[in-house]
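In UniProt numbering, the protein residues as written are 1 to 147.
By construction, the Cβ of each residue, glycine as well, lies at the ideal position given by its N, Cα and C atoms.
Scroll down for the structure; my scribbles are underneath it.
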């Protein structure tokens, strides 16, 4: 019986997935130096980009259950990185906002990841750096294609 040969694009997709997973783990390791979990950093990033949000809005945006988001927000609030307030138009709704300390912590974690990536890219030769710049554009397009 003849074995089915893997499709070239499927093989490329698996290679890309694995490489992205390793890269993600390395970035997590860099951000963990700031003692925040990946999900906590994601929430601080979302609050900084989207602005004040409810637990439900954040849970939907991060594709997690509201209970999980509530736990994440509780840790961030206890650390002084987010603060809660009542919605001015609907007092039943609770709005979370990033504090100045939260912005500072997020900026430090982002800077650590960016520094690690920049140092890693310096190890590439000039042709590889140009290839990487082209690949980044393609990866961005792929990431946005099915939103």
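CA-to-CA distance, residue j to residue i, given in whole angstroms
i           : j           : result
residue 82  : residue 38  : 16 angstroms
residue 101 : residue 58  : 19 angstroms
residue 24  : residue 14  : 15 angstroms
residue 125 : residue 91  : 57 angstroms
residue 80  : residue 114 : 24 angstroms
residue 66  : residue 96  : 13 angstroms
residue 85  : residue 78  : 14 angstroms
residue 132 : residue 99  : 35 angstroms
residue 64  : residue 93  : 19 angstroms
residue 19  : residue 56  : 32 angstroms
residue 116 : residue 4   : 40 angstroms
residue 62  : residue 129 : 32 angstroms
Beta-bridge pairing of residue i - partner residues as DSSP gives them
i          : result
residue 86 : 94
Residue i - containing alpha helix (DSSP H), residue span
i           : result
residue 57  : 55-62
residue 108 : 100-122
residue 127 : 126-144
residue 78  : 66-78
residue 5   : Per DSSP, residue 5 belongs to no alpha helix (DSSP H) and is neither H nor E.
residue 41  : 38-50
Exposed unless 16 or more other CB atoms sit within 10 angstroms - verdict on residue i
i           : result
residue 76  : buried
residue 69  : buried
residue 106 : buried
residue 43  : buried
residue 72  : buried
residue 88  : exposed
residue 40  : buried
residue 47  : buried
residue 145 : exposed
residue 36  : buried
residue 118 : exposed
residue 109 : buried
Residue i Cβ short of 7 angstroms to the ligand SAM heavy atom set
i          : result
residue 98 : Absence of the ligand SAM is noted for the structure shown, with no ligands found whatsoever.
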